[in-house]
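Participant: Next up is a structure, given as structure tokens.
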DNA sequence: CTGTTAGCGCGTTCAC
DNA sequence: GTGAACGCGCTAACAG
């Protein structure tokens, strides 16, 4: 019994000959170790929980792939739960994941509230936030600087001579994709001494159709913008098509830029100029950080565990010099 | 001890007053049931394994969402494993999933070989194939009729007066997206008494770029096709852009159709005419079937468990009457 | 309706 | 280098 355990777990204290015999028996009997029993005895399940807003959204599915690849590399499996950024659902799945004794938790969601933090604290397993961060910055996280990314995007427009720049924003309740990117827009304009025109800001819901709708509104303005900054690529693509459907040429008559760099960005005409957010890497780095935390290779929570990944402007064909 | 177990598991044999006291104690102590211990004792983990080729591929991530929604509804969680259609990796994850004592398995992959079936058999938990099927049709599965879907797509072209129809196929080793769709193409042409021209068939790798490359090849032919049937939407979109980049108008000068109906299909110009495959439903129905099998509500494997979901031609703007 | 007793299949001492 | 004994936290029978 114990010797078999040693063999299966690669414990060196086994005579090679015995080891061989055990392996033969394993083969002959079709023995398969029971990971549940092992988990109970060893208090480790080699499983991590990941809560994600929506796996069918390409942004998150790329992050998920990054997570799974690294998890795999360290011999972890992942339990995946969609929570649609609904706080109540998020808390619920965090609890069931904890009941299942996951060795760690990766959280991707909307705002990280005090209730979330309480839920995390009821367990002793490490938590890493992925593509979000709590306001107090007390929980380890990996993300990009959304505000700076938006700032850089708007700057591209500014440097191309645009001054009438509209924004298709996400909801300001959303800290990362919504609020932070809006702040980046404001600050870029302020830095250029351009007053904010409230008519130039409209809230979308991140979807293609909403990008189209908001854009139509901009076209009805007395003083049309000459460029549009969308908080996300999907809305930007909606904007481009709305523009084209109205007979406007992009980028000649209207420039469009956004943040994300989803795969589709290079699969539309004109190809979308955007600020790339390294989705796969965010997942991969977050998972790597979690493995360190699970092995206690690093302090529980310190500034060192707040990682900001770099973003990058990808120049394609949806931005032109203002005519 | 036992009474607590009854309360937690909603066993009716508990006096309401006692139940209340137990709940209070649970609250006060911050007790959280250990699902691993429960799994060991009850031999049920309320967890199902899902092996998927690549979660970052939008086709599969939609299926995954369907799976997870239904799993959630029946209080199951899912362990997700990417296997990239690599047989060796597939077999490996099937085994680790089985070691983790999942209550059932959902398999999405490339070909289902004898080795796969052997691996499934080493465990007694039910297996459902998702968007694939084994040749012998012995394992429960849910999918569409790929051959018929391709047949219908090519027929749309035929009925629009096209006779010179090229195909961007997937590899013929791939039973569903590759071989079956190619067969549908052949049969549609045969039914219309059009001989197969081998120059009109080229293999792509399902990606956008490959759709572009293959299309360039078709344009170099002495006798150009007037329409292209792509095995998947992504390659079709590549084809459209390749055509447009060469100065051809779609659909006026070349029609394009495919199978899948990924979200992007309606997010390109012209919008893609395609045969819709109900990705979300395939996942949802497969998971539902699996729950029935896990509860032994239905026979282990019978013809009843081979479900074929309907597909549907979505007419958009990439196909025109032959001029 | 409630408490007692055995396992579930493993890892981990501790002797040998 | 190997085996025996115990316990992980819970469910499932069985008494009471």
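Residue numbers (the working numbering), protein chains in the order written: chain U, 210 to 532; chain A, 210 to 532.
Even for Gly, the Cβ is constructed at its ideal location relative to N, Cα and C.
1. Going by alpha carbons, who is nearest to residue 259 of chain A out of A:387, A:300 and A:465?
2. Output the boundary residues of the alpha helix (DSSP H) element that contains residue 367 of chain A.
3. Please list, in chain order, the residues of the region 236–258 of chain U that have any C-beta partner in chain A closer than 8 angstroms.
4. Are residue 464 of chain U and residue 424 of chain U touching if we call contact CB-CB under 8 angstroms?
5. Mapping the DSSP letters down to three states, classify residue 307 of chain U as helix, strand or coil.
6. Who pairs with residue 316 of chain U in a beta bridge, going by DSSP?
7. Sort U:218, U:378, U:504 and U:524 by Cα distance to residue 443 of chain U and report the nearest one.
8. Quick test of the definition: if touching needs 3 or more C-beta pairs under 8 angstroms, does the region 287–306 of chain U touch the region 288–296 of chain A?
9. So the candidates are A:246, A:212 and A:244; which of them puts its Cα closest to the Cα of residue 234 of chain A?
10. So what does DSSP say about residue 538 of chain A, is it helix, strand or coil?
11. Check for me: the beta strand (DSSP E) holding residue 469 of chain U runs from which residue to which?
12. Compute the beta-carbon to beta-carbon distance between residue 249 of chain A and residue 249 of chain U, rounded to the nearest angstrom, for a pair I have assumed lies under 8 angstroms.
13. Using beta carbons (cut-off 8 angstroms, strictly below), is residue 458 of chain U in contact with chain A?
14. Please state whether DSSP places residue 411 of chain A in a helix, a strand or coil.
15. Expressed to the nearest angstrom, what Euclidean distance is found between the alpha-carbon atoms of residue 228 of chain A and residue 236 of chain A?
16. Which one or two residues does DSSP pair with residue 483 of chain A in a beta bridge?
17. Assuming residue 437 of chain A is part of the beta strand (DSSP E), what are its boundary residues?
18. Under 8 angstroms between C-beta atoms, does residue 291 of chain U make it to chain A?
19. Can you give me the start and stop residues for the alpha helix (DSSP H) that residue 488 of chain A sits inside?
20. So which residues of chain U does residue 326 of chain A contact, with C-beta pairs closer than 9 angstroms?
21. Quick one: grab the DSSP three-state call for residue 273 of chain U.
22. Are the region 254–269 of chain A and the region 311–328 of chain A touching by the rule of at least three beta carbon pairs closer than 8 angstroms?
23. Under 7 angstroms Cβ to Cβ from residue 304 of chain U, same chain only, skipping five residues before and after it: list those, please.
24. If we count the other Cβ atoms within 10 Å of its Cβ and call it buried at 16 or more, is residue 341 of chain U buried or exposed?
25. Against residue 307 of chain A, what residues of chain U qualify as contacts under a CB-to-CB distance less than 8 angstroms, listed in chain order?
26. Going by beta-carbon coordinates alone, are residue 473 of chain U and residue 210 of chain A separated by less than 8 angstroms?
27. Given this structure, state the Cα-to-Cα distance separating residue 370 of chain A from residue 275 of chain A, to the nearest angstrom.
28. Are residue 354 of chain A and residue 466 of chain A touching if we call contact CB-CB under 8 angstroms?
29. So which residues on chain U does residue 331 of chain A lean against when the C-beta distance must stay under 9 angstroms?
30. Compute the Euclidean distance between the alpha carbons of residue 222 of chain U and residue 263 of chain U, then round it to the nearest angstrom.
31. In whole angstroms, give me the CA-to-CA distance for residue 386 of chain A and residue 453 of chain A.
32. Does the region 483–495 of chain U come into contact with the region 518–528 of chain U, if we say contact requires no fewer than three beta-carbon pairs (one atom in each stretch) closer than 8 angstroms?
33. Got a sec: which bits of the region 412–444 of chain U sit with their beta carbon under 7 angstroms from any beta carbon on chain A, in order along the chain?
34. So what does residue 374 of chain A bridge to, in DSSP terms?
35. For residue 477 of chain A, would you say it is in contact with chain U, using Cβ-to-Cβ distances shorter than 8 angstroms as the test?
36. Report the partner residues of residue 516 of chain U according to the DSSP bridge assignment.
Facilitator: The structure says:
1. The sequence position of residue 259 of chain A within the second chain is 50, counting from 1. For residue 259 of chain A, the nearest C-alpha among the options comes from A:300.
2. Along the second chain, read from residue 1 onward, the residue named residue 367 of chain A stands at position 158. Unbroken alpha helix (DSSP H) run through residue 367 of chain A: 355–368.
3. 239, 241, 242, 243, 244, 245, 246, 248, 249, 254 and 256
4. The residue you call residue 464 of chain U lines up with position 255 of the first chain. The residue you call residue 424 of chain U lines up with position 215 of the first chain. Cβ atoms of residue 464 of chain U and residue 424 of chain U: not closer than 8 angstroms.
5. Position 98 of the first chain, counted from the start, is the residue given in the question as residue 307 of chain U. Looking at residue 307 of chain U - three-state DSSP - the assignment turns out to be helix.
6. Here residue 316 of chain U refers to the residue found at position 107 when the first chain is read from its first residue. Answer is U:260 and U:338, bridged to residue 316 of chain U.
7. Reading the first chain from its first residue, position 234 is the one you call residue 443 of chain U. For residue 443 of chain U, the nearest C-alpha among the options comes from U:378.
8. yes
9. Position 25 of the second chain holds residue 234 of chain A. For residue 234 of chain A, the nearest C-alpha among the options comes from A:212.
10. Summary: the structure shown does not reach residue 538 of chain A, with chain A confined to residues 210 through 532, and so no result is reported for it.
11. Position 260 of the first chain, counting from 1, holds the residue named residue 469 of chain U. Here the beta strand (DSSP E) through residue 469 of chain U covers 464–469.
12. Here residue 249 of chain A refers to the residue found at position 40 of the second chain. Here residue 249 of chain U refers to the residue found at position 40 of the first chain. Right, the Cβ-Cβ distance comes to about 5 angstroms (below 8 angstroms), so this counts as a contact.
13. Here residue 458 of chain U corresponds to residue number 249 of the first chain, with the count starting at 1. So, not an interface residue.
14. For the purposes of this step, residue 411 of chain A is identified with residue 202 of the second chain, where counting begins at 1. Strand.
15. Residue numbering aside, residue 228 of chain A sits at position 19 when the second chain is read from its first letter. Residue numbering aside, residue 236 of chain A sits at position 27 when the second chain is read from its first letter. Using only the alpha carbons, I get a separation of about 12 angstroms.
16. For the purposes of this step, residue 483 of chain A is taken as residue 274 along the second chain, with counting starting at 1. Answer is A:467 and A:523, bridged to residue 483 of chain A.
17. Taking the first residue of the second chain as position 1, residue 437 of chain A is located at position 228. Counting along the chain, the beta strand (DSSP E) containing residue 437 of chain A begins and ends at 436–439.
18. Start at 1 with the first residue of the first chain, and residue 291 of chain U comes out as number 82. Chain A contact via Cβ: present.
19. Within the second chain, residue 488 of chain A is the residue found at index 279, counting from 1. Element bounds for residue 488 of chain A: 488–503.
20. Start at 1 with the first residue of the second chain, and residue 326 of chain A comes out as number 117. Those within 9 angstroms of residue 326 of chain A in chain U number zero; the least Cβ separation is about 15 angstroms.
21. Mapped onto the first chain, residue 273 of chain U falls at position 64. In this structure, residue 273 of chain U counts as helix in the three-state DSSP scheme.
22. yes
23. By 1-based counting over the first chain, the position of residue 304 of chain U is 95. These residues qualify, in order along the chain: 328.
24. As a working mapping, residue 341 of chain U is identified with position 132 in the first chain. Classification for residue 341 of chain U: buried.
25. As a position in the second chain, residue 307 of chain A is number 98, starting the count at 1. Correct list: 241.
26. Translated into the one-based positions of the first chain, residue 473 of chain U becomes position 264. Translated into the one-based positions of the second chain, residue 210 of chain A becomes position 1. It is not a contact, given that the beta carbons lie outside the stated cut-off.
27. Along the second chain, read from residue 1 onward, the residue named residue 370 of chain A stands at position 161. Along the second chain, read from residue 1 onward, the residue named residue 275 of chain A stands at position 66. Approximately 38 angstroms, taken between the alpha carbons.
28. Looking up residue 354 of chain A in the second chain gives position 145. Looking up residue 466 of chain A in the second chain gives position 257. No, Cβ-Cβ distance for residue 354 of chain A and residue 466 of chain A is not below 8 angstroms.
29. For the purposes of this step, residue 331 of chain A is taken as residue 122 along the second chain, with counting starting at 1. Near residue 331 of chain A (Cβ distances below 9 angstroms), the residues of chain U are 239 and 241.
30. Residue numbering aside, residue 222 of chain U sits at position 13 when the first chain is read from its first letter. Residue numbering aside, residue 263 of chain U sits at position 54 when the first chain is read from its first letter. Roughly 47 angstroms separates the two Cα atoms.
31. Here residue 386 of chain A is taken as the residue at index 177 of the second chain, counted from 1. Here residue 453 of chain A is taken as the residue at index 244 of the second chain, counted from 1. Cα-Cα distance, rounded: 26 angstroms.
32. yes
33. 417
34. Here residue 374 of chain A refers to the residue found at position 165 of the second chain. Answer by DSSP bridge pairing, in chain order: A:436.
35. One-based indexing of the second chain puts residue 477 of chain A at position 268. It does: the Cβ of residue 477 of chain A has a partner Cβ on chain U nearer than 8 angstroms.
36. Translated into positions along the first chain, residue 516 of chain U becomes position 307. Answer is U:351.
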